[in-house]
Each structure stands twice: as C-alpha cells, then as structure tokens.
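Notes to accompany the following structure.
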Amino acid sequence: MFTKVHHVTYVVENAQQMADYLEKNFGLRPEKTGENPDRKFILYRIGPTIVDFFEPIREDTALARQLRESGPGVAHVAWGVEGIDRLFQDLKSKGNELRGEAPSTSGFGYKTISIEPSSAHGIYFQLAEGEVA
Numbered sequence: 004m005f006t007k008v009h010h011v012t013y014v015v016e017n018a019q020q021m022a023d024y025l026e027k028n029f030g031l032r033p034e035k036t037g038e039n040p041d042r043k044f045i046l047y048r049i050g051p052t053i054v055d056f057f058e059p060i061r062e063d064t065a066l067a068r069q070l071r072e073s074g075p076g077v078a079h080v081a082w083g084v085e086g087i088d089r090l091f092q093d094l095k096s097k098g099n100e101l102r103g104e105a106p107s108t109s110g111f112g113y114k115t116i117s118i119e120p121s122s123a124h125g126i127y128f129q130l131a132e133g134e135v136a
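All residue numbers for the sequence shown refer to the working numbering, where the first residue is 4 and numbers rise by one.
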C-alpha cells in the first residue's frame, strides 16, 4: 500500500536560518520557499521524498504548540499512496477517524489523508498522493 516516504515535515524556529545551514553544510538549495498566514516554509526534494521545514508565525497553531512543547523536530511523516480517494473510503469503513469528509489538497497541490491518532494507537498518520505543484 505505501509506495514511498512522500514527505517529512519539520517544525523549526527560523526557516531562513535552517535554509542557510542546509546550504552551507550540505549544498542544498530549496526547491520552493514561501509564506502563508500560518507559517514560513522551505521545501527540498531529496530523491523521491519532499523534505520541508515550517516556521510557525502564529502562536495559536498546532505547529507553534509543538515547537513550544517539544522544540524543533519532526512534525510528521507522510506516506505515499496510490488511489487516495478509494483509500479514504476504505479506511473510514474500517473504523478510522479521518479529518474531513474526503482527501484534502495541500497548499503544495498534492492530496492528503490525515488519520486521527486516536484511531492509530496514538500515532498521527498522513498519507499523500501526487507531487508538488
């Protein structure tokens, strides 16, 4: 069912400082950078996997709360899948609590399913299909 690690999202205190660090130490340059109302971001492609770093800019978000409580680190890992619309219905029929009534489309253009931790032994699973637009 899983086809790859689709993306790994980190939460950081300063996205620009992380970009500078990654370029200086590993020669990496972001594929995409930007800002939305909740966060600044930098996005890299490492082989088939997207690695993104989010800097919360509002204090009332889940990412800001995670940063305050745990410090910088992995926010989540998303597993690549195929047939996400069908998979959404299948997971729901198996009793999983899912966010939303259908897969959502991320700000980067790919579709995602989020499984609530209460359905998955305390682990937040995200599934993703598609590539960055």
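We treat Cβ as the ideally placed atom computed from N, Cα and C, and that holds for glycine.
A quick note: this is a predicted structure, and the numbers were derived from the prediction, not measured.
Run the CB neighbour count on VAL77, radius 10 Å, all protein chains shown included, and call it buried at 16 or more, exposed below. With fewer than 16 neighbouring CB atoms inside 10 Å of its own CB, VAL77 falls in the exposed class.
Considering PHE44, what are the terminal residues of the alpha helix (DSSP H) in which it resides? Per DSSP, PHE44 belongs to no alpha helix (DSSP H); it is in the beta strand (DSSP E), 42-49.
By the 10 Å Cβ neighbour count, where 16 or more other Cβ atoms means buried, how is THR108 classified, buried or exposed? Under this definition THR108 is an exposed residue.
Put TYR24 into one of helix, strand or coil per three-state DSSP. Residue state, collapsed to three classes: helix.
For ALA131, count neighbouring C-beta atoms within 10 Å of its own C-beta (all shown protein chains included) and say buried if the count is 16 or more, exposed if not. Classification for ALA131: buried.
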